[in-house]
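Participant:
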Amino acid sequence: MTELAGYLRSDGRKGIRNIVAVAYLVECAHHVAREIAQPWRENDVHVIGFPGCYPNAYAEKMMERLCTHPNVGAVLMVSLGCESFNKYALERIVAASGRPVKTIVIQGTGGTRASIKEGRAWVETQRAGLDRQETVPMAVSELIVGTVCGGSDGTSGITGNPAAGRAFDQLISEGAACIFEETGELIGCEHIMAARAITPELGRILEQSVAKAARYYATLGYGSFAAGNAEGGLSTIEEKSMGAYAKSGASAISGLLKPGDIPPRGGLYLLDVVPDGEVRFGFPNINDNAEIAELIACGAHCVLFVTGRGSVVGSAISPVVKICANPETYRRMAEDMDVDAGRILEGRAGLDQVGTEIRDLVVSLGQGARTKSEELGHQEFILTYKSFEPLGPSCLPAG
Amino acid sequence: MSAPVPASTHDPRLILLDPRDNVFVARMRLPAGEAIETGAGKAALDRDIPLAHKIARRAIAPGEKILKYGAPIGVATVAIAAGCHVHVQNMKSDYTPTYHLEDERKEDERKTGMNA
C-alpha cells in the first residue's frame, strides 16, 4: 500500500503541507498581511483573506474552513479593527481546532509598522514550531482531490480533462474523495451526469444545480466562457461543457457539495459553485482562483488544473497540479506545467498512461514533492461575496 | 442528410471523436486550401485551421445541430460545406451567446495575405 507522510490535526484529518496562514479580514489589512508574510515567501507562509467590509455568511464559512484546513498549521489574523468580519468567532474556531492563532488589530497595535513587526515575530515562532512537527503515515484513502479547468481550448476535452478523469477514477478506487465543479460548465451534460448519481433523488439535485447555473448565467448575459476559449477553438458553452465534464471520469457520483462542505467519505462529488436565490453580487466565480479556493475550502489537499491556453496559477494553502492539454502550449510554457497531456493528441501517450502519471504525481505531493507553481512561488487567492442555502438531506445519501 | 461513413477512412490529421459527429477536430495546424479526406471524398479547407479547431465532415444545413463527442454542441446558422472551419462565424449556442474578441491586426494580415 502506498504511504504518504501527513501532519495530523486534532480532528483526525491529515495535511500534506504545514502552512502558516496570514489572513487579512478586510482589504484595508491586506498590505500589512502581505508584508508580514514577505520574508517567508518560499517557506510556507501564505496570505489569504476577504476584502469586503460588510458581513457575508459564505465568506465567513470559507475563511473558517480554510483556516482549519488540514494543510494549515497556524493562523495569524490581521484586522484593521472597524470591519464587520467576525474575528472573535474565527479566532475561537481556529483555537478550538488546536492550532496556534493570534489576531493583530492594526488600529490597536499602532499602525502599519508596529503591526508588521509584531506579526513577523509571531510567524517566526510558529514557523520554527511547525518545522519541528513530526509527520505520521497517511493513506491515499485520506486524500481529498479537486479538479478545475481554466484557459480551456479545443484540446482540453480531448486530452487533459479525460486524463484527469482517469486519475480521479484510480484515486476513487483507492478510497480517496474527488471533487469536480463549475455547474455553469456542465450545461448540456446534466442528464448524462444525473444518470451516474447513486440515488434518483441525488440525480434530480444534480440536474437542478445545472438548471440553476443556466438561469444564473442567462440573467448575467454571459456563459462561463472567456474570449480565449473561442480563440482556442471552442464555439459554444455546450462544447466547452462536454470537454469540462470529462474531468469527472466514469465513477458513480456520491453527492453534491457547496463551498466549504467536506466530503463525508471517499467517492466522487460535484461542487455546486453557483449561488442560491436571486442573482446578487455578480458572476458566480470571477476567475479560476475563486473556484480553486472553494475546492480547497471543501478540504482538497491538492487541485488538478487542466489548461489548454496556458494558465500559470497556483494557490495559497494547497498545491495546484497543472495539466497542459495542448502540445503547442506545453512547448512554449513547459516550465509552468506538471503534466504534458498534449502527447495524447500527437499519439505519443495514451489517456490511461497520462491518467496514471497524474495519480502518481498526486501521491508524490504527499511524499514531499512540490508542483511547478509552488516552486515558482504562485500563491494566488481570491474570495468574494456569495450566498448559499444549506445542503438539503438528499445531497449526501448514505454510501 | 448524407449516409454515415466508415470512421476508419478519414484523414489521419483529423480526429473523429464519435461516429455520429458531423465535425472533425484538427490534430495539427492545417493551411487554407489543403485537401482533406473526409471518408466520403476529398474537400478543401476554406481557411487556415488552428490546432483543435473543428472542420465540417460533410455539408451541414442551416438549423442543423453540430455534433461533437456524439452530442449537440450548438446549431449551424448558415449552410456549411464539407472542409469548412466550423466556429462562431457559422454556428451558435442553444444556451447563451459566445463572447469572443476579434483581433483586428490578425484579420488585416489575413486579408492582405501577410500572415506568416
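Residue numbers (UniProt numbering), protein chains in the order written: chain B, 1 to 399; chain A, 1 to 116.
Idealized CB from N, CA, C, for every residue including glycine.
(1) Please list the residues of the region 204 to 221 of chain B that have a C-beta atom closer than 8 Å to any C-beta atom in chain A, keeping them in chain order.
(2) Could you name the residues of chain B that A:P53 contacts, counting a contact when the two beta carbons are closer than 7 Å?
(3) Would the beta-carbon of B:A5 fall within 9 Å of that of B:G366?
(4) Strictly below 8 Å CB to CB, what residues from chain A border B:M242?
(5) In or out: B:A176 buried (at least 16 other Cβ within 10 Å) or exposed?
(6) What are the start and end residues of each continuous alpha helix (DSSP H) run of 4 or more residues lying completely inside the region 239 to 318 of chain B, in chain order?
(7) With the cut-off set at 9 Å, would you say B:P100 and B:T384 are in Cβ contact?
(8) So, for A:K92: in the same chain, excluding its five sequence neighbours on each side, which residues have a beta-carbon less than 8 Å away from its beta-carbon?
(9) Does the Cβ-Cβ distance between B:I104 and B:V140 come in under 9 Å?
(10) Taking the C-alpha atoms as reference points, what is the distance between B:P55 and B:V279?
(11) In chain order, what residues of the same chain lie with their CB nearer than 7 Å to the CB of B:D288, ignoring the 5 residues before and after it?
(12) If I measure Cβ to Cβ from residue 415 of chain B and keep anything under 6 Å in the same chain, skipping five residues before and after, which residues do I get?
(13) Could you check whether the Cβ of A:H10 sits closer than 9 Å to any Cβ belonging to chain B?
(14) Output needed for B:R196: all residues of its chain with C-beta closer than 7 Å, excluding positions within five of it in sequence on either side, in chain order.
(15) Considering just the uninterrupted stretch of the alpha helix (DSSP H) at A:T38, what are its terminal residues?
(16) Along chain A, which residues have their Cβ under 8 Å away from the Cβ of B:E238?
(17) So, for B:G146: in the same chain, excluding its five sequence neighbours on each side, which residues have a beta-carbon less than 6 Å away from its beta-carbon?
(18) Quick one: does A:P62 have its CB under 9 Å from some CB of chain B?
(19) Can you name, in chain order, every residue of its own chain whose Cβ lies under 7 Å from the Cβ of B:G266, other than the five neighbours on each side?
(20) What residues of chain E sit near B:E328, judged by a beta carbon separation below 7 Å?
(21) Give the secondary structure of B:D340 by DSSP, where H, G and I count as helix, E and B as strand, and everything else as coil.
(22) Can you tell me whether DSSP reads A:P4 as helix, strand or coil?
(23) Using a threshold of 9 Å, state whether the C-beta atoms of B:S241 and B:L268 are closer than that.
(24) Name the one or two DSSP bridge partners that B:T147 has.
(25) If you follow the alpha helix (DSSP H) that B:A213 is part of, which residue opens it and which one closes it?
(26) Would you please verify whether the beta carbon of B:E190 is less than 9 Å from any beta carbon of chain A?
(27) So what does DSSP say about B:M77, is it helix, strand or coil?
(28) Would you mind reading off the limits of the alpha helix (DSSP H) that contains B:G228?
(29) So which residues of chain B does A:R58 contact, with C-beta pairs closer than 9 Å?
(30) Between A:G83 and A:R20, is the Cβ-Cβ spacing less than 9 Å?
(31) What residues from chain B crowd round A:I36, counting only those whose CB sits closer than 9 Å?
(32) With distances taken between CB atoms, is the gap from B:L90 to B:E64 smaller than 9 Å?
(33) Taking the alpha-carbon of A:A43 as reference, which of A:A32, A:I15 and A:A52 has the nearest alpha-carbon?
(34) Would DSSP call B:Y330 helix, strand or coil?
(35) Which same chain residues end up closer than 7 Å to B:S84 when comparing Cβ atoms and leaving out the 5 residues on each side of it in sequence?
(36) Is the distance from the Cβ of B:R113 to the Cβ of B:S318 below 9 Å?
Facilitator: Short version:
(1) A214, Y217, A218 and G221
(2) In the sequence as displayed, the identity of residue 53 of chain A is His instead of Pro. The answer, in chain order, is G154 and G233.
(3) Against a cut-off of 9 Å, the Cβ pair of B:G366 and B:A5 comes out as a contact.
(4) K68, Y69, A71 and I73
(5) buried
(6) Counting only runs that start and end inside the region 239 to 318 of chain B, the alpha helix (DSSP H) elements of at least 4 residues fall at 288 to 297.
(7) Going by C-beta atoms, B:P100 is not nearer than 9 Å to B:T384.
(8) G74, V75, T77 and T98
(9) no
(10) 18 Å
(11) V148, G150, S311 and V313
(12) There is simply no residue 415 of chain B to check, as chain B begins at 1 and stops at 399 in what is shown.
(13) no
(14) A252 and I253
(15) First-last for A:T38: undefined, no H or E at that position.
(16) Chain A residues near B:E238: A71, P72, I73, G74, S93, D94 and Y95.
(17) I179, L295, A300 and V303
(18) no
(19) S141, I172, G175, A176 and A177
(20) Note that chain E does not occur in the displayed structure, where the protein chains are B and A.
(21) Strand.
(22) Because the pLDDT of A:P4 is 46, which lies under 50, any placement of that residue in the model is unreliable, and the question is left without a value.
(23) No, they are not a contact pair.
(24) B:L304
(25) P200 to L220
(26) By this cut-off, B:E190 is not an interface position.
(27) strand
(28) A227 to E231
(29) Here the premise fails: no neighbours, minimum Cβ distance about 18 Å.
(30) Judged by beta-carbon spacing, A:R20 lies beyond the 9 Å limit of A:G83, meaning their Cβ atoms are not closer than that value.
(31) Under the 9 Å cutoff, chain B gives no residues; its nearest Cβ is about 16 Å from A:I36.
(32) A contact, by the Cβ cut-off of 9 Å.
(33) A:A32
(34) helix
(35) C53, Y54 and P55
(36) no
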